[in-house]
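In UniProt numbering, the protein residues as written are 1 to 344. Each residue gets a CB set at the ideal place from its N, CA and C atoms; glycine is no exception. Predicted model, so just to flag it, every value in this text is computed and none were measured. Structure, as structure tokens:
As structure tokens, then:
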């Protein structure tokens with residue numbers, strides 16, 4: 001049966017590496033959204049808790065419920081709750097309608113647009129939103145933004161951080177005016193946090209670390225972290241069948257692979273139905289040991305020029321992502337939740 005192994009040693013190595021770079025004055029919050037970037041929500045929650053992580057960010061209410069027993073501070077980035085929910089789950093406010101959907105006492109985080117122009121309210125709307133949520137009896141525990149320029153070498157990253165500094169000052173003034181406790185402030189993901197720590201230090205209360213905890217940080221700027229991160233996940237497939245074929249034999253749908261010489265061919269139990277990208281004649285994709293995955297792969301399996309009983313499809317998705325013209329995030333998050341995941 002196909003399996004994803006998850007290295008606890010690599011995860012903890014990454015956490016301590018990032019923590020030592022960022023410093024002890026800033027809290028590291030783990031981003032577990034989208035099934036922990038495909039790694040497995042419950043499994044990564046176990047490892048995050050073992051590292052002492054207290055705050056996590058998940059995609060929605062359903063993911064929040066699945067990790068509610070692991071962490072004291074959980075924020076659902078999208079959507080509203082359905083029915084009763086644990087009081088340590090916070091929900092993100094992106095628009096006015098969200099405020100009236102939440103019962104009194106609910107913890108909320110206010111998303112503010114600092115220049116990415118994707119989600120969040122505008123700077124000039126902050127006072128109106130805060131007075132509305134206070135009137136509703138909601139508890140403002142966080143004000144945050146997302147700097148979408150952390151991977152790039154240009155001034156947009158700096159300008160975004162300057163706008164977030166203005167947002168923080170605005171909220172601090174309003175806290176005095178209306179008498180509410182200061183919320184936590186955060187604006188940086190993996191790349192931005194590593195960059196700010198290297199350049200000038202981090203002034204936020206916490207940083208949201210996602211992809212770097214899983215071993216990936218592909219950025220344009222040089223930094224001391226990327227070369228030393230260790231990949232957490234490895235995907236394995238088991239052999240379904242093996243046969244010896246003559247030169248000229250055609251394989252799979254439309255027979256688009258034709259053997260040039262007699263070969264032993266095996267099929268393995270991973271296909272695009274499992275979320276692994278469909279390998280066609282346009283792609284050159286190889287396993288961790290360099291065996292070519294032959295086009296075209298099927299919904300439930302692929303063929304390969306080897307006869308090992310179990311093969312490591314990847315222990316680093318970087319080359320596979322390049323073959324499909326995408327990023328590591330997309331390969332990882334596509335992996336089916338039904339694939340067995342084992343912490344090792």
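Count the other CB atoms within 10 Å of the CB of residue i; is the residue buried (16 or more) or exposed (fewer)?
{"i": "residue 204", "result": "buried"}
{"i": "residue 248", "result": "exposed"}
{"i": "residue 195", "result": "buried"}
{"i": "residue 95", "result": "exposed"}
{"i": "residue 72", "result": "exposed"}
{"i": "residue 135", "result": "exposed"}
{"i": "residue 271", "result": "buried"}
{"i": "residue 33", "result": "buried"}
{"i": "residue 149", "result": "buried"}
{"i": "residue 45", "result": "buried"}
{"i": "residue 258", "result": "exposed"}
{"i": "residue 120", "result": "buried"}
Nearest to residue i by CA position, among the options, is which residue?
{"i": "residue 223", "options": "210, 21, 128, 122", "result": "21"}
{"i": "residue 41", "options": "233, 130, 187, 108", "result": "233"}
{"i": "residue 179", "options": "38, 7, 37, 127", "result": "127"}
{"i": "residue 217", "options": "302, 51, 119, 152", "result": "152"}
{"i": "residue 103", "options": "112, 115, 120, 80", "result": "80"}
{"i": "residue 50", "options": "83, 64, 9", "result": "9"}
{"i": "residue 286", "options": "235, 253, 108", "result": "235"}
{"i": "residue 210", "options": "168, 344, 55", "result": "55"}
{"i": "residue 125", "options": "108, 117, 116, 112", "result": "112"}
{"i": "residue 264", "options": "344, 251, 306", "result": "306"}
{"i": "residue 164", "options": "132, 133, 122, 129", "result": "122"}
{"i": "residue 230", "options": "238, 177, 318, 256", "result": "318"}
{"i": "residue 85", "options": "275, 45, 238, 64", "result": "64"}
{"i": "residue 268", "options": "109, 296, 283", "result": "296"}
{"i": "residue 401", "options": "139, 37, 146", "result": "With the chain running from 1 to 344 in the structure shown, residue 401 is simply not present."}
{"i": "residue 334", "options": "18, 38, 284", "result": "38"}
{"i": "residue 237", "options": "225, 221, 308", "result": "308"}
{"i": "residue 130", "options": "339, 253, 172", "result": "172"}
{"i": "residue 18", "options": "225, 162, 294, 253", "result": "225"}
{"i": "residue 1", "options": "316, 60, 339", "result": "339"}
{"i": "residue 52", "options": "30, 43, 59, 344", "result": "30"}
Using only the alpha-carbon positions, how far apart do residue i and residue j sit?
{"i": "residue 99", "j": "residue 90", "result": "12 Å"}
{"i": "residue 227", "j": "residue 3", "result": "27 Å"}
{"i": "residue 77", "j": "residue 174", "result": "24 Å"}
{"i": "residue 198", "j": "residue 262", "result": "55 Å"}
{"i": "residue 292", "j": "residue 327", "result": "20 Å"}
{"i": "residue 107", "j": "residue 87", "result": "7 Å"}
{"i": "residue 273", "j": "residue 105", "result": "43 Å"}
{"i": "residue 214", "j": "residue 332", "result": "10 Å"}
{"i": "residue 116", "j": "residue 181", "result": "27 Å"}
{"i": "residue 314", "j": "residue 288", "result": "5 Å"}
{"i": "residue 137", "j": "residue 101", "result": "12 Å"}
{"i": "residue 109", "j": "residue 75", "result": "8 Å"}
{"i": "residue 169", "j": "residue 184", "result": "13 Å"}
{"i": "residue 92", "j": "residue 156", "result": "25 Å"}
{"i": "residue 176", "j": "residue 329", "result": "41 Å"}
{"i": "residue 250", "j": "residue 301", "result": "16 Å"}
{"i": "residue 133", "j": "residue 139", "result": "8 Å"}
{"i": "residue 82", "j": "residue 57", "result": "18 Å"}
{"i": "residue 68", "j": "residue 294", "result": "43 Å"}
{"i": "residue 253", "j": "residue 299", "result": "11 Å"}
{"i": "residue 256", "j": "residue 283", "result": "12 Å"}
{"i": "residue 66", "j": "residue 158", "result": "36 Å"}
{"i": "residue 221", "j": "residue 154", "result": "10 Å"}
{"i": "residue 59", "j": "residue 260", "result": "48 Å"}
{"i": "residue 70", "j": "residue 43", "result": "11 Å"}
{"i": "residue 162", "j": "residue 97", "result": "28 Å"}
{"i": "residue 219", "j": "residue 344", "result": "29 Å"}
{"i": "residue 290", "j": "residue 316", "result": "12 Å"}
Between residue i and residue j, how many whole angstroms is the CB-CB distance? I'm expecting something under 8 Å.
{"i": "residue 405", "j": "residue 266", "result": "The chain is shown from 1 up to 344; residue 405 falls before or after that span and cannot be answered."}
{"i": "residue 62", "j": "residue 337", "result": "About 12 Å separates the two Cβ atoms, so there is no contact after all."}
{"i": "residue 167", "j": "residue 141", "result": "About 16 Å separates the two Cβ atoms, so there is no contact after all."}
{"i": "residue 47", "j": "residue 341", "result": "Contact flag wrong, Cβ pair sits at about 11 Å."}
{"i": "residue 114", "j": "residue 187", "result": "7 Å"}
{"i": "residue 193", "j": "residue 202", "result": "7 Å"}
{"i": "residue 310", "j": "residue 239", "result": "7 Å"}
Q: Decide if the stretch 201-215 is in contact with the stretch 19-35; the criterion is three or more beta carbon pairs, one per stretch, under 8 Å apart.
A: A contact exists between the stretch 201-215 and the stretch 19-35.
**Q.** Inter-stretch contact (C-beta, 8 Å, three-pair minimum) for the stretch 234-243 and the stretch 11-21
**A.** no
(Q) Using a Cβ distance threshold of 8 Å, determine whether the stretch 270-281 contacts the stretch 315-335, with at least three qualifying pairs required. (A) yes
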